[in-house]
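If you read the sequence shown in the working numbering, its first letter stands for residue 9, the second for the next number, and so on. Here is the structure we will look at.
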Amino acid sequence: MDALQALLSRISPARLAPDEPDPVRIEQILAAGLRAADHGRLRPWRFLVVRGEARHRFGELLADGLKSRNPEAGAELLEAERNKALRAPVIVIVMAVVQDHPSIPAIEQIVSAGAAAQNMLVAAHALGLGGFWRTGAAAYDPVFKKALGASEKDVIVGVLYLGNVATAGKESAPNPKGVVAEWNG
């Protein structure tokens, strides 16, 4: 699949299969993330890969975070939060590791991490895999971030769920009203 075809045909799957994809493909996906636009070559990203049994520990971390944010969360809600870690065989947490820099503001570093995440999703699609991007309240939770080794100023820009497609997603409109428009001054 060529690059333009991958960009124009990528959609998020509705569901991923439980079997883990070929590790070589995962390495290629991560390498694509490292090629993101990066003002000043700061490489302001960190990718945490969660797979295998680590997904269960990640699920516990999600549930613990929910319990600390919402002490009244019941068992059913906590189990649903825990099960988010089992949505895919491979999870990549994409963080912007924001650096103090005299000419490259934090927002550019955060956007660069977002570009890395998008590169990974398109690469997964080009390799015949599926992927979807989530954040949620945990991404903004300082306790959760600290448990992942992030500093206060680091930003979790996304949690990517990667794997073989079990159920295809629905295609969205190619240009929702007003998204692409001409500006003539």
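Note that beta-carbon positions come from the ideal geometry of N, C-alpha and C, so glycine has one too.
L5 (DSSP reduced to helix, strand or coil): With the chain covering 9 to 193 only, the question about residue 5 has no answer from this structure.
CB Y169 to CB I99, shorter than 7 Å? Residue mapping note: residue 169 aligns to position 161 of the sequence shown, counting from 1. Residue mapping note: residue 99 aligns to position 91 of the sequence shown, counting from 1. Contact flag set, yes.
Please state if the CB of V151 and the CB of S76 are separated by a distance shorter than 7 Å. Within the sequence shown, numbered from 1, the residue matching residue 76 stands at position 68. Within the sequence shown, numbered from 1, the residue matching residue 151 stands at position 143. Result yes, Cβ atoms of S76 and V151 sit closer than 7 Å.
Going by DSSP, what residue range makes up the beta strand (DSSP E) through A147? Here residue 147 corresponds to residue number 139 of the sequence shown, with the count starting at 1. Note, A147: premise wrong, no beta strand (DSSP E); not H, not E.
Here's a check: name, in chain order, each residue in its chain whose Cβ is nearer than 7 Å to the Cβ of L156, leaving out the five neighbours to either side. By 1-based counting over the sequence shown, the position of residue 156 is 148. Counting only Cβ-Cβ distances below 7 Å, and skipping sequence neighbours, we find L56 and I101.
Between which two residues does the beta strand (DSSP E) holding G171 run? Taking the first residue of the sequence shown as 1, we reach residue 171 at position 163. Element bounds for G171: V163 to G171.
When we look at the beta-carbon of E87 and count the other beta-carbons within 10 Å, is it buried (16 or more) or exposed? What you label residue 87 is simply residue 79 of the sequence shown in a count that begins at 1. Answer is exposed; the Cβ neighbour count stays below 16.
By the 10 Å Cβ neighbour count, where 16 or more other Cβ atoms means buried, how is P52 classified, buried or exposed? As a first step, residue 52 is located in the sequence shown; it is residue number 44 there, counting from the start. By the 10 Å Cβ count, P52 comes out buried.
Starting from I118, trace the beta strand (DSSP E) in both directions and tell me its first and last residue. Taking the sequence shown and counting its residues from 1, the one referred to as residue 118 is at position 110. First-last for I118: A114 to A134, but that is the alpha helix (DSSP H), not the beta strand (DSSP E).
Strictly by DSSP, which residues pair up with F55? Your numbering for residue 55 matches position 47 in the sequence shown. V102, per the DSSP bridge assignment.
Under three-state DSSP, which class holds A158? Sequence index remark: in the sequence shown, residue 158 carries index 150 (1-based). Correct three-state label for A158: coil.
What three-state label does DSSP hand R23 in the structure shown? Looking up residue 23 in the sequence shown gives position 15. Strand.
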